[in-house]
Structures are given as C-alpha cells and as structure tokens.
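Residue numbers (the working numbering): 853 to 1131.
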C-alpha cells in the first residue's frame, strides 16, 4: 500500500518538473534568436529564443559550397561526356551528335563541336557526391542552392537540359551522315585517281636555233609501254672437268722465308762507378 501511494507521488512530481520546463521555454519564445554567423565568439552562448522557422516563408542561410540540385549551363557545355562517365549511380544520360564544323565556343574559349540531343539528370538517383562538377572542364555543371524540389511523382525529378528539339536533333544527324558520305566519296575518288597509271608521252624539245617562218613538223607522241617483269630462268647445271696437277720439276727451289728484322732501339750505356783521383 505504501508503494502504491509512493508511485503516485513520484508521477506528480516528475510531471510538474516537465511542465515547469515547458512553461519556461514557452515564456522565452516570446522573441526570436538573432541570426549571426557560426564564426562569431558568442554563437553558442545564445541558447534561448524561438528556433522554429515558418517555412517556406522563412529559410535558413544556405552555404555556397553546399551540394544540392544540379544545373547545367548548356551554352558552355562542350558535350564531353565526362560527367556521365564519372557518375557512380549513372544518373546522367547524354546523347551527343557530331557537327560538321565548329558550332561555337564556351566562355573559357573551348571549341564546341558536338550537339546535345539528350542531356538528362535524374535527381532521384543522385547521391550528391559532386564528382561530376569536379571533372567538368568548362565548369558548366554546378550545384545550386535549391534543396526543396520535392515532387508528387518521382518521374518529375528527371530534369532535361538539352537545347535541341527532336526534329532539330534528327536534322543534325542527317546533315552529319550526308557530310560523312560526301567525305568518303571524295576520298575514294582521290584514291582511284592515284591508282590509274597514265601513259607517258615523250616530246622532243624545241630547238632554240629555229629560224622564224619555218614550220617544224610536230612528231607524234610515243607511248612508252612498260612491260611486266618476266621470271628469271633458272641456271642450267654444267658438270666441271677434274683439274689435274702437273708434276713438279726437280729443279724447283724450295721456298725460303725471308724474315725482315725490325730495327731495335739502341741500348743505353751502363753506368759504371769510378774512383776519384786523390789529391
């Protein structure tokens, strides 16, 4: 029985402590906390005041280096496809179309030679790693401060940045295919012109001593025909006759080896000590 009333007493006491703390915060919430930077020395000393923001009318300051929704500036994009290759979750899809000539230049001077028929970024797949913004050579792909882009349909989080309509993309493809065909036809024509061997015409040079009023008979051109090289005939084997040595005569003198002595250096005189005469 004593335990029963003791538990009731503890419950009333703890409830009063909680209500007292709630009323204290309610009284302190009459004013709002001052907005100041975290680098200030008194940032952590201000621990009272209203902390709730009336979103979306009120928002907290967003840092410049935050990782939020991606944005691509197509005027500076050279469609290099580096962002799609480095993406770990494959949330970027690019379909490039080659141009027949230089389309333009980016803000940093890089030439643009590709069209983007498709440049989609699926933010529902994005892991906000920031690798795509790091490898971008023209810095056209950046992360904005927009973080509240919730949608009712997840398919609406796929953002399209291509600056060509489907009709324009088809037209650019046809122009490039025609350009490639014309280039191949021109190349094949040049190769066939090199393969053809024209006959060489030989003309005698006109003499400089020709008198005026004298018509020189023009000789017809002589076509020099090049005959294909014929196979060289194999040599015929002819047996050789044995060579008989003549007997040497008895009067033949033996060969004498004449040795030529090389001149040697003259030896130096040997030093011999002598006795000095006595005075």
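A virtual CB, placed ideally from N, CA and C, is assigned to each residue, including glycine.
In this structure, what does DSSP give as the bridge partners for residue i?
{"i": "residue 974", "result": "1010"}
{"i": "residue 993", "result": "924"}
{"i": "residue 884", "result": "902"}
{"i": "residue 945", "result": "972"}
{"i": "residue 957", "result": "963"}
{"i": "residue 1120", "result": "For residue 1120, which the question treats as bridged, DSSP gives no partner whatsoever."}
{"i": "residue 1025", "result": "Bridge partners of residue 1025: none, in fact."}
{"i": "residue 950", "result": "966"}
Can you give me the C-alpha to C-alpha distance between residue i and residue j, rounded to a whole angstrom?
{"i": "residue 961", "j": "residue 1003", "result": "38 Å"}
{"i": "residue 1032", "j": "residue 908", "result": "55 Å"}
{"i": "residue 1127", "j": "residue 1119", "result": "25 Å"}
{"i": "residue 894", "j": "residue 988", "result": "40 Å"}
{"i": "residue 874", "j": "residue 936", "result": "52 Å"}
{"i": "residue 901", "j": "residue 910", "result": "16 Å"}
{"i": "residue 985", "j": "residue 995", "result": "8 Å"}
{"i": "residue 862", "j": "residue 876", "result": "21 Å"}
{"i": "residue 920", "j": "residue 1008", "result": "17 Å"}
{"i": "residue 1019", "j": "residue 931", "result": "19 Å"}
With a cut-off of 8 Å on the beta carbons, I'd call residue i and residue j a contact; round off their distance for me.
{"i": "residue 1014", "j": "residue 971", "result": "5 Å"}
{"i": "residue 969", "j": "residue 944", "result": "So it is not a contact: roughly 14 Å between Cβ atoms."}
{"i": "residue 946", "j": "residue 927", "result": "With a Cβ gap of about 16 Å, residue 946 and residue 927 do not count as contacting."}
{"i": "residue 929", "j": "residue 992", "result": "5 Å"}
Taking C-alpha atoms, which residue in the options lies nearest to residue i?
{"i": "residue 1011", "options": "924, 901 and 968", "result": "924"}
{"i": "residue 965", "options": "951, 887 and 973", "result": "951"}
{"i": "residue 922", "options": "998, 905 and 1120", "result": "998"}
{"i": "residue 1024", "options": "959, 993, 996 and 953", "result": "953"}
{"i": "residue 978", "options": "941, 874 and 890", "result": "941"}
{"i": "residue 1006", "options": "897, 919, 973 and 879", "result": "973"}
{"i": "residue 1028", "options": "955, 996 and 1123", "result": "955"}
{"i": "residue 1001", "options": "975, 1017 and 990", "result": "975"}
So, for residue i: in the same chain, excluding its five sequence neighbours on each side, which residues have a beta-carbon less than 6 Å away from its beta-carbon?
{"i": "residue 983", "result": "938"}
{"i": "residue 860", "result": "none"}
Apart from the five residues on each side of it in sequence, which residues of its chain come closer than 7 Å, Cβ to Cβ, to residue i?
{"i": "residue 903", "result": "885"}
{"i": "residue 1102", "result": "Because residue 1102 carries a pLDDT of 49, less than 50, the predicted location of this residue cannot be relied on, and no value is offered for it."}
Looking only at its own chain, which residues have a Cβ that is under 8 Å from the Cβ of residue i, when we skip the five neighbours before and after it?
{"i": "residue 883", "result": "901 and 902"}
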